[in-house]
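What follows is a single structure, written as structure tokens, with notes after it.
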Amino acid sequence: MPRIRTISELSGAIKGRRTELGMSQADLAAAAGVSRRWIGQLEAGKSSVELGLTLRVLDVLRLAISIDGLEPESVSDELDELMAQYHRG
108 MPRIRTISEL
118 SGAIKGRRTE
128 LGMSQADLAA
138 AAGVSRRWIG
148 QLEAGKSSVE
158 LGLTLRVLDV
168 LRLAISIDGL
178 EPESVSDELD
188 ELMAQYHRG
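The working numbering applies: residue 108 is where the sequence shown begins, and numbers increase by one.
What follows is the structure, encoded as structure tokens:
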């Protein structure tokens with residue numbers, strides 16, 4: 108399974124798995140207890156979708172999230188880049 112670091116990568120993985128399983132958005136919505144519209148928003152990468160509902164959808168699709176620690180240098184580099192963007196802002 109690829110490493111997922113963005114909302115769009117997560118939404119793509121969810122849509123890909125749903126399609127792989129032959130499920131429609133309505134099928135997945137019914138199985139997860141959410142609306143079809145909400146599934147559409149999740150698959151579109153809308154950042155305001157609730158994490159708890161997203162975890163429920165992942166469970167239906169038999170997908171899991173794991174959290175890996177980043178190397179300290181990577182974290183520092185990412186923070187430096189974010190700060191630079193903020194100051195250019």
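Glycine included, each C-beta is placed from N, C-alpha and C at the ideal position.
Under the 10 Å beta carbon count, Arg-125 is surrounded by 16 or more other beta carbons and is classified as buried. For the set Ser-118, Arg-195 and Arg-112, the Cα lying nearest the Cα of Glu-157 is the one of Ser-118. Contact check between the segment 167-176 and the segment 141-156: fewer than three CB pairs, one atom from each, fall below 8 Å, which does not count as touching. Between Ile-114 and Ser-155, the gap from beta carbon to beta carbon reaches 7 Å or more. By the 16-neighbour rule on beta-carbons within 10 angstroms, Ala-133 is exposed. Taking all protein chains in view, the Cβ of Glu-150 is crowded by 16 or more other Cβ atoms within 10 Å, so the residue is classified as buried. Under the 10 Å beta carbon count, Ile-174 is surrounded by fewer than 16 other beta carbons and is classified as exposed.
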